[in-house]
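Residue 493 is where the sequence shown starts when you use the numbering used here, and the numbers rise one by one after that. Beta carbons: idealized from backbone N, C-alpha and C, even for Gly.
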Amino acid sequence: MGLAFIFASLVCLYLNKCLAKKKDIFHKVPIINQLALKIKLITNIIFFVSFTLSVLVYYTCGYIRPPIYFGLIALAFFSLFIELFLISTDGFQSNYYIFKTLIISISFRAERFFSFPIIPGNDTQFHLNLVTQIINLHHIPSPEINPTKYIYSPLWHTYVSISEILFEITPSKVLFLSVGIAFVIILSLFVFLIVRNLFNSQAGLIAVIFVNIADMIFVRGVTAIYTSSLVHCFFILILYFLISNKNRTLFQILIVFLIIETILTHQLSTFCVFLIMWVIFASKHIYTTLILNNTAQINYNKLKSLQIKILPLFISTIILIYYWANIGGEWDKSSFFGKMIVRLEKTISRMIQDYFSSSAYSSTVYENMFGNYDVLSNVLYNLGYNFLLSLAIIGIVICCYKQNRSLSRWAFISAAIVLFCVIYPGTFLGLGQIFIPHRFISFLEILLVIFAAYAAQLLYYCTDTISTKRCIYYAFIFIMIFLLITTPFINRNDPIYCVDREQRTGIYLSELAPIAWANNNSPIETLTVDPYISSRTLSTVEAYDLSTVKIHYFSPQPNHELESSIIIIRKYFEENSNHIVITGTFGKSVITNYSDTLYFVKIQFNNIYSSGSTHIYS
């Protein structure tokens, strides 16, 4: 994280000198000549060849995608990045460019989503249970049937249920087609419109690339497609409606409607959206009272460009609190809102006790993250995100210059800074005990992409066409693209680096077949499995009916419970008996070793089933 700020500071010093010399940098247009046309042709050839080869590599390599696959995807995105400076940013060329970005992005996401015969994402698997209940009952289940709080925010579940009934295809295909693809298209189109409104069309096209490779946005659209994914779509629409100068009355109504939709979709994501909305509202008044008071001439047209008013925001907040207070049925500590207040109270009390106690401070998640792994692993793990963050910091700093200020830019900068403080310093102070701050990173990345795109455009025009600086710039962009699409926590099944902190969560079909065999042929109902297999995961398998399988997890030490179950040991788990669980905003890891239990099973139990990937003991 510190590297991002240091790098951004150095680049800002360089940009200051460049901007002082090149006053017309914001008005440059691509030069269309014979050389540019040849480069465009080459970039298009590279794109389609890389795209085609990546698909062929994927289909010939089975479950695990090799490094060459990621290199081809990165090359395809990089060719698009080079091309955007050579095309007209309006009309057909712009639309065709966005189309190419979407097809490589959707292909990359589909190849991750459908790699294994299970639906990825523990949260996704949990929410699909409610979807199944809605389909079977033909209505949202009552609290007696489903006691979770999500029956009070069922919009996503209802949408997926209706899609599955209408299309009559498998849940995995419904999920990807109805949510995954819609997520990519909506975010890409509206981030382009937002950045075009704030800066220009060319920066908007850069933002389209960045939003499709950002790692946590990828998580929300592929490896964890659930209720929050829909809230992201509402969020990007709200941001666009806030800064649009057209149809203001209609957009105000739509903003209120979308806010209500977020309330009915996901509680935590709704809190994040409301936090950003209130920050934007406050930033508008700070801008008008503090910043513009020192300005001789005020452009009131720019002030009108941000359409956020206190009345609809206040009414929406009252609706939110009232609705949350009724989740649970009573206006007391048992309601969802009441529980949040109690957690806040306990967290503040615990923080005060910790800071004023005479005992030594407890170790932080920062120490846990950096203590378990070597320096190279710690640097590489989030390096792509840090590159994106550094570009965003550069863009934010440039937008704070007097000649580049505007109300809309200031509002988005304020939202990004507050969200950053909640996620990082906030977690360090203890906010992680109240909610899950790292779930906000994808919202932060949407804001970061906006300013990172602007910074990338400025840096391009501050380097000469044929120079060492331009080569360094291109190398930086390519490395950032490669690191973002190969981020270990979004490619746990096939990481290229940081393999010491990730393990395969996907399950082969050959590993599922023994589970189905044991479930159908064993008189013992309970199956003992490794901790990477869960009932939720098995419930999403479409090749076998494993929804009724009763499972029990290995204990780190042998115990008597093993005697009353069928024991399933995957070859992969034998070779990777250290179970790694990474949680929290900063990657807090818990490592549990199961080698003693595996050794005990092999010498004390009979092997009744063997295959290339799995053994069954009894």
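### Three-state secondary structure (DSSP) of residue 1115
Residue 1115 cannot be examined here, being either before or after the span of the chain that is shown, 493 to 1110.
### Task
Classify residue 582 as buried or exposed, calling it buried when 16 or more other Cβ atoms lie within 10 Å of its own Cβ.
By the Cβ-count criterion, residue 582 is exposed, with fewer than 16 other Cβ atoms from all chains shown falling within 10 Å of its own Cβ.
### Query
Whole-angstrom Cβ separation of residue 1008 and residue 1038, contact assumed at under 8 Å?
6 Å
### Pick from 932, 899, 775, 547 that is closest to residue 913, judged by C-alpha positions
932
### Task
Confirm, please, whether the CB-CB distance from residue 609 to residue 1082 is below 8 Å.
no
### Message
Please classify residue 745 as buried or exposed, where buried requires at least 16 other C-beta atoms within 10 Å of its C-beta.
### Response
Exposed, since its Cβ has fewer than 16 Cβ neighbours within 10 Å.
### Task
In the DSSP assignment, find the beta strand (DSSP E) that holds residue 621 and state where it starts and stops.
Premise fails: residue 621 lies in the alpha helix (DSSP H), 614-629, not in any beta strand (DSSP E).
### Message
Taking 7 Å as the cut-off, is the C-beta of residue 1087 nearer than that to any heavy atom in the ligand FMN?
### Response
Although the ligand FMN was asked about, the structure shown includes no ligands whatsoever.
### Query
Do residue 1054 and residue 1041 have their CB atoms nearer than 8 Å?
no
### Message
Alpha carbons only, please: which of 1023, 886, 1096, 936 is nearest the one belonging to residue 507?
### Response
It is 886 whose Cα lies nearest to the Cα of residue 507.
#### Entry: Contacting residues, own chain, Cβ-Cβ under 7 Å from residue 668 (five flanking each side not counted)
602, 605
### Task
Would you give the residue range spanned by the beta strand (DSSP E) that residue 1111 belongs to?
There is no way to answer for residue 1111, as the model of the chain reaches only from 493 to 1110.
### Query
At which residues does the alpha helix (DSSP H) containing residue 813 begin and terminate?
Segment 802-818, the alpha helix (DSSP H) holding residue 813.
### Task
Taking all protein chains shown into account, decide if residue 639 is buried (16 or more other Cβ within 10 angstroms of its Cβ) or exposed.
exposed
### Message
On the DSSP bridge list, what partners appear for residue 1042?
### Response
1018
### Where residue 611 sits in the DSSP three-state scheme
coil
### First and last residue of the uninterrupted alpha helix (DSSP H) at residue 1029
1027-1031
### Cβ neighbour criterion (16 or more within 10 Å) applied to residue 613
buried
### Query
residue 541: which of 564, 1051, 760, 553 sits nearest, CA to CA?
564
### Query
Which residues mark the beginning and the end of the beta strand (DSSP E) in which residue 1106 is found?
1106-1109
### Task
Inspect the beta-carbon positions of residue 934 and residue 708 and report whether they are closer than 8 Å.
Contact: yes.
### Query
Per DSSP, residue 930 is paired with what?
Bridge pairing for residue 930: absent [DSSP].
### Query
Would you report the Cα separation of residue 1043 and residue 1057, rounded to the nearest angstrom?
9 Å
#### Entry: CA-to-CA distance, residue 867 to residue 720, given in whole angstroms
33 Å
### Assigned exposure category for residue 733 - 16 Cβ within 10 Å defines buried
Result: buried.
### Task
State buried or exposed for residue 717, treating a residue as buried only when at least 16 other CB atoms are found within 10 Å of its CB.
buried
### Task
Indicate whether residue 812 and residue 755 have their beta-carbon atoms separated by less than 8 Å.
yes
#### Entry: For residue 703 and residue 978, the rounded distance between their alpha carbons
15 Å
### Task
Give the C-beta separation of residue 798 and residue 776 to the nearest angstrom, bearing in mind that I take them to be a contact with Cβ-Cβ under 8 Å.
6 Å
#### Entry: Residues of its chain near residue 1112, where Cβ-Cβ distance is below 8 Å and the 5 sequence neighbours each way are ignored
In the structure displayed, the chain extends from 493 to 1110; residue 1112 sits before or after that span and is not available.
### Query
Just reading off the alpha helix (DSSP H) that residue 764 is part of, what are its end residues?
759-778
### Message
Suppose contacts are defined by Cβ-Cβ distances below 8 Å. Is residue 1108 in contact with residue 1090 by that definition?
### Response
no
### Euclidean distance between Cα positions of residue 624 and residue 1070
Pairing residue 624 with residue 1070, the inter-Cα distance amounts to about 34 Å.
### Message
I'd like the list of long-range same chain contacts for residue 988, defined as Cβ closer than 6 Å, with 5 residues on each side in sequence excluded.
### Response
559, 978
### Message
Am I right that residue 983 and residue 998 are in contact with their C-beta atoms under 8 Å? What's the rounded C-beta distance?
### Response
In fact, because the Cβ distance is near 11 Å, the residues do not count as touching under 8 Å.
### Query
In this structure, does DSSP put residue 694 in helix, strand or coil?
The answer is helix: DSSP assigns residue 694 an H, G or I state.
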